[in-house]
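Position in the first sequence (first residue = 1) + 17 = my numbering.
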Amino acid sequence: MEAPSLSVRKGAWTEEEDILLKKCIEKYGEGTWHRVPFRAGLNRCRKSCRLRWLNYLKPDIKRGAFADDEVDLMIRLHNLLGNRWSLIAGRLPGRTANDVKNYWNTYLRKKMVKPSPKLNIEVIKPRPLNLSVPLDKNNNNNNNDSDHAAASTPASNSLVSSDSGNNSSYDFSNDNNEIMWWKNMLMNEDEPQGFGNNINHSASGDQFINEALGV
DNA sequence: AATCTCTTCAACCGCCTCCGG
DNA sequence: TCCGGAGGCGGTTGAAGAGAT
């Protein structure tokens, strides 16, 4: 619960507040959000500070319209994960969960007027598949198929290659299982039987992600 | 030009999970 | 083991701008 401090400020952030928050994060780093309002001299709650930073002020945030390949990837991930916006955003470098959620609710939900049986997903429990095909770092196993655009896009590069840049997505370079799982999922998303067979539906997506991230 | 309606997206709210004491 | 605080997430709201009438 928030400390019922005398009238914590709400609503739109001012430029001045943004500057204060930015300076504070630059100085102390992210985290310990409960201390941020005090450190920054802001009359805002910790959640508001965190949200403002993550959704707007963070330097690597990508602004502007979603590219076709980002949308394609988003749809595929949504088919796999459901409304797990933070997980989806984690695979879209520079995009925030809020961006993804807003985009989905604004544009894509309209298109999915009635959820097809395929979209009526029970959230799968992602886990690495045992693929015998070695993963080519250039992802050339199936890249002749235009429908697999996601696998050759900058966004998805973070899925299949070492992503040592400063974006916030997970660096999969040390986890071939993770790489292969995602690769397989994205490529076979049109063929439910393609990924359903080897999946243990007893675990949760979170569990998988945690395992994959080694947490 | 004025008013109404729709769209967009930043921000808030409430809940859940995790972790340390 | 229990409890409280902090972090994080998804759903929802509402203000502002754009477009339509």
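We put the beta carbon where it would ideally sit given N, CA and C, even for glycine.
Within the continuous alpha helix (DSSP H) that includes residue i, where are the two ends?
i	result
Val117	114-120
Ile284	Outside the displayed span of the chain (18 to 232) sits residue 284, for which this structure offers no information.
Tyr124	Tyr124 -> no alpha helix (DSSP H), and no H or E assigned at all.
Leu38	32-45
Give every residue of the same chain whose Cβ lies closer than 6 Å to the Cβ of residue i, excluding the five residues on either side of it in the sequence, and list them in chain order.
i	result
Ala106	Arg112, Thr113, Ala114, Val117
Arg67	Trp50
Glu47	none
Does the Cβ of residue i have 16 or more other Cβ atoms within 10 Å, making it buried, or fewer, making it exposed?
i	result
Ile36	exposed
Arg69	buried
Ala57	buried
Pro76	exposed
Phe55	exposed
Ile33	Here residue 33 is Glu; the residue named in the question, Ile, does not match the sequence. Classification of Glu33: exposed, given that the 10 Å Cβ count is below 16.
Gly28	exposed
Keeping to the same chain, check which residues put their C-beta closer than 7 Å to that of residue i; ignore five residues upstream and five downstream.
i	result
Lys44	none
Leu71	Thr113
Ile92	Leu125
Cys41	Val53, Arg56, Ala57
Leu59	Glu34, Leu37, Leu38, Cys66
Trp30	Arg69
Leu74	Asp35, Leu38, Lys39
Leaving out five residues before and five after residue i in sequence, what residues of the same chain have Cβ atoms less than 8 Å from its Cβ?
i	result
Asn122	none
Asn119	none
Heavy atom of the ligand SAH less than 7 Å from the Cβ of residue i, yes or no?
i	result
Arg69	The ligand SAH is absent from the structure shown, which contains no ligands of any kind.
Q. At which residue ranges does the region 47-106 contain complete alpha helix (DSSP H) runs of 4 or more residues, listed in the order of the chain?
A. 53-57, 63-69, 85-98
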